[in-house]
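Residue numbers (this note's numbering): 40 to 221. Following: one structure in C-alpha coordinates, then a few remarks.
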Amino acid sequence: MMKILKYSLLICLVVMFTKCSPDHNGSFGGTVDRTIQLIGTWKIESVFQIDLDAEKKSFPEFATKVDITNTVTNMPFSDFEMTLHNNTISTTLGMSPMAYVIEEGQGTWNWISNDELSLVNQELGINASSGITTSINGKEVQLFISTFSGITAPTPTLSLNYKRIDEVGNDVMRYEYILVKQ
40 MMKILKYSLL ICLVVMFTKC SPDHNGSFGG TVDRTIQLIG TWKIESVFQI DLDAEKKSFP
100 EFATKVDITN TVTNMPFSDF EMTLHNNTIS TTLGMSPMAY VIEEGQGTWN WISNDELSLV
160 NQELGINASS GITTSINGKE VQLFISTFSG ITAPTPTLSL NYKRIDEVGN DVMRYEYILV
220 KQ
(Lines of atoms letter the chains of each structure in order from A and count residues from 1; the text may use other names and numbers.)
(Lines give C-alpha, C1' and ligand atoms only; values in the text may rest on other atoms or scores of the structure.)
Protein backbone atom coordinates (compact mmCIF):
# COMPACT_ATOMS: atom_id res chain seq x y z
CA MET A 1 0.00 0.00 0.00
CA MET A 2 2.84 2.42 0.85
CA LYS A 3 4.52 1.73 -2.50
CA ILE A 4 1.30 2.55 -4.37
CA LEU A 5 0.96 5.85 -2.50
CA LYS A 6 4.59 6.69 -3.12
CA TYR A 7 4.39 6.01 -6.87
CA SER A 8 1.03 7.79 -7.15
CA LEU A 9 2.52 10.89 -5.57
CA LEU A 10 5.56 10.71 -7.85
CA ILE A 11 3.36 10.39 -10.95
CA CYS A 12 1.21 13.35 -9.81
CA LEU A 13 4.28 15.51 -9.35
CA VAL A 14 5.71 14.56 -12.76
CA VAL A 15 2.38 15.28 -14.48
CA MET A 16 2.00 18.56 -12.63
CA PHE A 17 5.46 19.84 -13.60
CA THR A 18 5.23 18.69 -17.23
CA LYS A 19 1.83 20.29 -17.71
CA CYS A 20 2.90 23.67 -16.31
CA SER A 21 4.15 26.14 -18.86
CA PRO A 22 4.56 29.89 -18.93
CA ASP A 23 1.65 31.94 -20.22
CA HIS A 24 4.00 33.68 -22.64
CA ASN A 25 7.52 33.48 -23.99
CA GLY A 26 9.13 35.58 -21.29
CA SER A 27 7.85 38.83 -22.73
CA PHE A 28 5.92 40.99 -20.29
CA GLY A 29 4.67 43.42 -22.89
CA GLY A 30 5.55 47.04 -23.37
CA THR A 31 5.51 49.90 -20.98
CA VAL A 32 2.35 51.47 -19.66
CA ASP A 33 1.54 55.06 -20.61
CA ARG A 34 1.17 56.56 -17.15
CA THR A 35 0.29 59.99 -18.58
CA ILE A 36 -3.14 58.71 -19.55
CA GLN A 37 -3.67 57.30 -16.06
CA LEU A 38 -2.57 60.56 -14.40
CA ILE A 39 -4.86 62.80 -16.42
CA GLY A 40 -7.81 63.92 -14.32
CA THR A 41 -8.59 65.65 -11.05
CA TRP A 42 -6.93 64.48 -7.83
CA LYS A 43 -7.69 65.42 -4.20
CA ILE A 44 -5.60 64.72 -1.12
CA GLU A 45 -6.93 61.94 1.07
CA SER A 46 -4.08 61.80 3.59
CA VAL A 47 -0.64 63.26 4.31
CA PHE A 48 2.27 61.70 6.16
CA GLN A 49 5.43 63.41 7.41
CA ILE A 50 8.51 61.17 7.44
CA ASP A 51 11.64 62.11 9.43
CA LEU A 52 14.43 61.01 7.07
CA ASP A 53 17.13 60.99 9.77
CA ALA A 54 15.05 58.69 11.98
CA GLU A 55 14.25 56.52 8.95
CA LYS A 56 17.96 56.33 8.05
CA LYS A 57 18.69 55.16 11.62
CA SER A 58 16.05 52.41 11.24
CA PHE A 59 13.77 53.77 13.94
CA PRO A 60 10.38 52.04 14.05
CA GLU A 61 7.65 53.48 11.84
CA PHE A 62 5.75 55.07 14.76
CA ALA A 63 8.86 57.19 15.41
CA THR A 64 9.50 58.12 11.78
CA LYS A 65 6.10 58.51 10.10
CA VAL A 66 3.30 60.75 11.39
CA ASP A 67 -0.15 61.27 9.89
CA ILE A 68 -0.55 65.05 9.65
CA THR A 69 -3.73 65.08 7.55
CA ASN A 70 -5.85 66.88 10.13
CA THR A 71 -3.25 68.42 12.43
CA VAL A 72 -3.70 72.04 11.40
CA THR A 73 -7.04 73.38 12.68
CA ASN A 74 -9.29 74.81 9.96
CA MET A 75 -6.71 73.97 7.28
CA PRO A 76 -7.67 70.57 5.85
CA PHE A 77 -5.26 69.09 3.33
CA SER A 78 -8.34 67.65 1.60
CA ASP A 79 -9.12 71.15 0.24
CA PHE A 80 -6.21 70.76 -2.19
CA GLU A 81 -7.17 69.80 -5.73
CA MET A 82 -4.86 69.15 -8.68
CA THR A 83 -6.06 68.67 -12.24
CA LEU A 84 -3.68 67.24 -14.81
CA HIS A 85 -4.30 67.52 -18.56
CA ASN A 86 -1.91 66.44 -21.31
CA ASN A 87 0.85 68.86 -20.29
CA THR A 88 -1.02 71.42 -18.21
CA ILE A 89 -1.79 71.49 -14.51
CA SER A 90 -4.15 73.55 -12.41
CA THR A 91 -4.22 73.60 -8.64
CA THR A 92 -6.65 74.90 -6.06
CA LEU A 93 -5.36 75.20 -2.51
CA GLY A 94 -8.57 76.13 -0.71
CA MET A 95 -7.80 76.31 3.01
CA SER A 96 -5.16 73.57 2.81
CA PRO A 97 -1.60 74.29 3.99
CA MET A 98 -0.22 73.20 0.58
CA ALA A 99 1.10 76.70 -0.22
CA TYR A 100 4.42 75.64 1.35
CA VAL A 101 4.76 73.03 -1.43
CA ILE A 102 3.04 74.22 -4.59
CA GLU A 103 1.53 77.40 -5.99
CA GLU A 104 -2.15 77.82 -6.71
CA GLY A 105 -2.90 78.48 -10.35
CA GLN A 106 -2.22 77.04 -13.76
CA GLY A 107 0.97 75.89 -15.39
CA THR A 108 2.66 72.92 -16.97
CA TRP A 109 3.84 69.51 -15.85
CA ASN A 110 6.04 66.81 -17.33
CA TRP A 111 7.92 63.66 -16.34
CA ILE A 112 11.07 64.13 -14.29
CA SER A 113 12.47 60.90 -15.73
CA ASN A 114 11.59 59.19 -18.95
CA ASP A 115 13.19 55.93 -17.86
CA GLU A 116 11.21 53.12 -19.37
CA LEU A 117 10.28 50.44 -16.90
CA SER A 118 9.08 46.98 -17.72
CA LEU A 119 5.39 46.26 -17.35
CA VAL A 120 6.16 43.86 -14.50
CA ASN A 121 7.89 46.55 -12.44
CA GLN A 122 5.11 49.02 -13.15
CA GLU A 123 2.45 46.49 -12.14
CA LEU A 124 4.34 46.02 -8.87
CA GLY A 125 4.43 49.78 -8.40
CA ILE A 126 8.21 50.01 -8.49
CA ASN A 127 8.99 53.46 -9.83
CA ALA A 128 10.87 55.37 -7.16
CA SER A 129 12.93 57.37 -9.65
CA SER A 130 10.10 58.93 -11.62
CA GLY A 131 7.72 61.74 -10.94
CA ILE A 132 6.50 65.02 -12.28
CA THR A 133 7.93 68.50 -12.44
CA THR A 134 5.37 71.26 -12.19
CA SER A 135 5.79 74.89 -13.11
CA ILE A 136 3.10 77.25 -11.81
CA ASN A 137 3.55 81.02 -11.71
CA GLY A 138 7.22 80.53 -12.56
CA LYS A 139 7.93 78.26 -9.57
CA GLU A 140 9.01 74.68 -10.18
CA VAL A 141 8.21 71.79 -7.85
CA GLN A 142 9.24 68.17 -8.18
CA LEU A 143 6.87 65.52 -6.88
CA PHE A 144 8.13 61.95 -6.90
CA ILE A 145 5.78 59.06 -7.47
CA SER A 146 6.54 56.43 -4.86
CA THR A 147 4.18 53.82 -6.26
CA PHE A 148 1.71 53.26 -9.05
CA SER A 149 0.13 50.30 -7.27
CA GLY A 150 -3.21 52.03 -6.65
CA ILE A 151 -3.55 53.91 -9.93
CA THR A 152 -5.54 51.15 -11.63
CA ALA A 153 -7.83 50.43 -8.66
CA PRO A 154 -11.60 51.04 -8.99
CA THR A 155 -10.99 54.27 -7.06
CA PRO A 156 -7.52 55.24 -8.31
CA THR A 157 -5.01 56.49 -5.74
CA LEU A 158 -1.60 58.00 -6.24
CA SER A 159 1.25 58.45 -3.78
CA LEU A 160 3.34 61.58 -4.36
CA ASN A 161 6.40 62.53 -2.32
CA TYR A 162 7.92 65.92 -1.68
CA LYS A 163 11.28 66.32 0.10
CA ARG A 164 12.16 69.29 2.29
CA ILE A 165 15.86 70.14 2.42
CA ASP A 166 17.88 72.10 4.93
CA GLU A 167 20.01 75.18 4.20
CA VAL A 168 23.02 73.07 3.11
CA GLY A 169 21.01 70.87 0.75
CA ASN A 170 20.45 67.75 2.86
CA ASP A 171 17.11 65.95 2.72
CA VAL A 172 15.50 66.39 6.14
CA MET A 173 11.83 65.56 5.82
CA ARG A 174 9.69 63.78 3.28
CA TYR A 175 5.97 64.34 2.86
CA GLU A 176 3.84 61.61 1.33
CA TYR A 177 0.57 62.76 -0.19
CA ILE A 178 -2.04 60.12 -0.95
CA LEU A 179 -4.36 61.49 -3.62
CA VAL A 180 -7.63 60.05 -4.88
CA LYS A 181 -8.86 60.53 -8.43
CA GLN A 182 -12.22 62.28 -8.55
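No residue lacks a Cβ here, since even glycine has one placed at the ideal position from N, Cα and C. Source: prediction; values computed, not measured.
| Check | Outcome |
| --- | --- |
| Euclidean distance between Cα positions of Pro-193 and Val-207 | 43 Å |
| Close-in-space but distant-in-sequence residues of the same chain around Ala-93 (CB under 8 Å, 5 per side omitted) | Ala-102 and Thr-103 |
| Cβ-Cβ distance between Asn-149 and Met-134 below 8 Å | no |
| Straight-line gap, Val-219 to Ile-204 (C-alpha atoms, nearest Å) | 27 Å |
| Beta-carbon proximity check, Thr-223 vs Gln-145, cutoff 8 Å | Missing from the structure shown is residue 223; the chain here goes from 40 to 221 and no further. |
| Limits of the beta strand (DSSP E) - the one that Ile-128 falls within | 127-131 |
| Cβ pair Ile-171, Glu-142 closer than 8 Å | no |
| Burial state of Ile-78 (16 or more Cβ within 10 Å) | exposed |
| For Asp-92, the first and last residue of its enclosing beta strand (DSSP E) | Premise fails: Asp-92 lies in the alpha helix (DSSP H), 91-95, not in any beta strand (DSSP E). |
| Same chain, Cβ closer than 7 Å to Ser-85, neighbours up to 5 away in sequence not counted | Asp-106, Thr-108 and Ile-217 |
| Outcome for Gln-221 when other beta-carbon atoms lying within 10 angstroms are tallied against a minimum of 16 | exposed |
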